[in-house]
Amino acid sequence: MTDEKTVKPNAPAQSGEVRREKKRKIRGVKRTAFAMPYLALSVIFVVVPLFIMLYYAFTDLDGGFTLDNFAHFFSRPNIMAVMGKSFLVALLTTVVCFLLAYPLALALSSTALNKKFILVMLFIMPMWINSLLRTYAMKIVLHILSVSNAWTAVTVGLVYDFFPFMLLPLYSALSGMDKSLIEASQDLGASPVKTLFKVKLPLSLPGIVSGVLMVFMPTVSTFAISDILGDTSTYLFGNVIDQWFRNSGGWHIGSAYSFILLALIAVTVVIANKLTKGKKEVGGVL
Amino acid sequence: MKKQVKTALIWSFVIVMLFIMYVPILILIIYSFTDAKALGVWNGFSFELYKNLFTDSEIMGALGNSLILAAVSATLATVLGTAAAVGIYYMKRRKKSASEFVANITMENAEIVTGVAFMMFFLAVNIHYGWAALIIAHTIITVPYVILSVTPKLSQINPNLYEAGLDLGASPVGSMLKVVVPQLIPGMLSGFIMAFTLSLDDFIVSKFINGGVETIPIYLYNALAKRGADPTLRALSSVLFVAVLSVLIALNVVSAKRRKKAVV
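Top to bottom, those sequences are chains A and D.
Take any residue in the first sequence, count from 1 to its spot, add 252: that is its number in our numbering.
Take any residue in the second sequence, count from 1 to its spot, add 3: that is its number in our numbering.
This is how it looks when you write it as structure tokens:
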């Protein structure tokens, strides 16, 4: 309450300089204080749970310190193979999404389509539909086409589910690009192919990086899509973690596995940030 | 001439891609009008599945739960997120990047890791799995998206207005509510819509902490993961597809009209 009084214009006369200084300080504190409720809740509900997970990862069932939970991962070739496969599937999904989405983003941002927003919207809209529903729709199609290979089914389903997440950042990057640079490249005699590789691709790098992240990260940790489209042979790393957490005896090993996944994600994010450092992001992500 | 060929090629490519994108959805909707148990079998036209859907109390209950959960958590997330966006926007560099780091954790972390961390935390602090856990978790994971939609609006408003409110005798909270918030409403609204949708959509985090409370995605996952899914799911999925797509189209038409009006 006293704070309030000092900032009122009719507050007792003080030396102007001092008063202004004080006023700014009070206001500075007050305004940033609005972030405190969320930040405090975040610490309680986001940071503390990670430390609890850390505790589980480094203890055994009796609560004693151990490194066995991590050793468990590195001593089992079949689990490492699951991890490897998850990465390969995620990588394959990301590459296929990119190869399909980049030409489409080029087409949608080309003058031929005159940036028809409605078309872009139609491609992006499925993003808002629950991925389980889209997976189910894909399951019916795969069934009609009698695709019997479980890995093919899972990969096709993943590409179908995550395609819009690749397209949107690519489209934002390409449509926000300075057109005069492309004209300059053409005026200087570059072929369309050369313009694509020397001008458009490098300039859309931030979009590519965020598209890759938005597809790769969820695919590497998914378990539902492989549950629905695949069988027991298509276990992904997410399925392994999910299995460990189905009964409380597995929480210690499951926590260690979660940290291994977390570490991989952190490395990916750091690499992505390095790649786009100093380049301004064109357009938002969502 | 050459240009026309190019345009035609681009158009056909785009249309083929659209076709691939929407055909699975169309097929699902078509097969929702037949009551065959097996996938991809046409058993004659019938509304049987829809009749089953609207009389299924489990599905209707899950739908109600989903909507209540989304409304409550999105409201909380909008309040917390708007306040946080304002606070973080005016922070100095060091504090700002620390706060942004905290807000980024749940966005960048794998959802399954967020989910299991919540599960172990709620057990440790004795919060029962179910409604309380779901509301807390959904609020926390959607706040960062509200911050993302409010922050751009903050850079458009005059920072002196808040100070003017204080000079005219308003308390910091009063000045915030009466001067700053009204200008942030468009950003808050899109933040709310995003939080609402994300909450409706989430099942990875919910799956670990729902404690028997069934939401639509949880119901879908449980039904789909079982072999030989219930054919009623086809009707449910079709209804959800059509509902989501019509809401999106309506929102876009409204905003397009508003944009046009603004130009005129």
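We put the CB at the ideal spot given by N, CA and C, even for glycine.
The closest CA to that of L72/D, considering only V183/D, L203/D, K40/D and I160/D, is found on L203/D.
The C-beta distance from A287/A to A86/D rounds to 7 Å, short enough to meet the 8 Å contact threshold. Boundaries for E217/D: no alpha helix (DSSP H) harbours it, and the DSSP string shows neither H nor E there.
Using a Cβ-Cβ cut-off of 8 Å, F310/A does not count as an interface residue toward chain D, since no Cβ of chain D sits closer than that to its own. Residue burial is scored here from C-beta neighbours: F125/D has at least 16 other C-beta atoms within 10 angstroms and is therefore classed as buried. As the crow flies, the alpha-carbon of V82/D is around 34 Å from that of L371/A. The C-alpha of K260/D is placed about 41 Å away from the C-alpha of K526/A. Setting aside the 5 residues that flank it on each side, N55/D is surrounded in the same chain by T235, each with a C-beta closer than 6 Å to its C-beta; the list follows chain order. Contiguous beta strand (DSSP E) elements confined to the segment 389-458 of chain A do not occur, taking only those with 3 or more residues. Residues of chain D whose Cβ lies closer than 8 Å to the Cβ of S473/A are, in chain order, A113, E114, I115 and V116. For Y290/A, a Cβ of chain D is located within less than 8 Å of the residue's own Cβ. One thing to note: A120/D has its Cβ within 8 Å of the Cβ of P301/A. Three or more Cβ pairs drawn from the segment 501-515 of chain A and the segment 299-314 of chain A lie within less than 8 Å of each other, which places the two stretches in contact. Using a CB distance below 7 Å, the part of the segment 364-381 of chain A facing chain D consists of A364, L365, L371, M373, L374, F375, M377, P378, W380 and I381, ordered along the chain. A direct Cα-Cα distance of roughly 50 Å separates S102/D from S398/A. When rounded, the separation of the alpha-carbon atoms in K9/D and A136/D is 55 Å. Membership of D479/A in the alpha helix (DSSP H) is indicated by the continuous run A476 to L481. For the C-beta of H395/A, the chain D residues within less than 7 Å are, from N- to C-terminus, L42 and G43. The alpha-carbon separation between K229/D and L223/D amounts to approximately 10 Å. According to the DSSP secondary-structure assignment, T311/A is paired through a beta bridge with F317/A. Residue pairing by DSSP puts F48/D in a beta bridge opposite T37/D. Nearest Cα to S362/A within the set Y165/D, V17/D, R237/D and Y148/D: V17/D. When 8 Å is used as the limit between beta carbons, I13/D is near these residues of chain A: A359, S362, A364 and L365, in chain order. Judged by their CB atoms, T345/A and T407/A are nearer to each other than the 8 Å cut-off.
With at least 16 other beta carbons inside 10 angstroms of its own, K156/D counts as buried. Per DSSP, K98/D is one residue of the alpha helix (DSSP H) stretching across R96 to E111.
Taking the beta carbon of D439/A as reference, no residue of chain D falls within 7 Å; the closest one sits roughly 18 Å away. The C-beta distance from R283/A to V89/D rounds to 7 Å, short enough to meet the 8 Å contact threshold. The beta carbon of V208/D lies closer than 8 Å to those of E114, T117, G118, F121, A140, H141 and I144 in the same chain, with the five residues before and after it left out. Within chain A, T284 and A287 have C-beta atoms less than 8 Å from the C-beta of I91/D, given in sequence order. Judged by DSSP in its simplified three-state form, H131/D adopts coil rather than helix or strand.
Taking a C-beta cut-off of 7 Å against chain D, the contacting residues of the segment 500-528 of chain A are W503, G506, S510, L513, L514, I517 and V521, listed in chain order.
Taking 9 Å as the upper bound on Cβ-Cβ separation, chain D lies near residues S473, T474, F475, A476, D479 and I480 of the segment 473-487 of chain A. The distance from the Cβ of G463/A to that of A353/A is about 7 Å, consistent with a contact at the 8 Å cut-off.
Secondary structure note for A287/A: it is in no alpha helix (DSSP H), with a DSSP letter that is neither H nor E.
For D494/A, at least one C-beta of chain D is nearer than 8 Å to its own C-beta.
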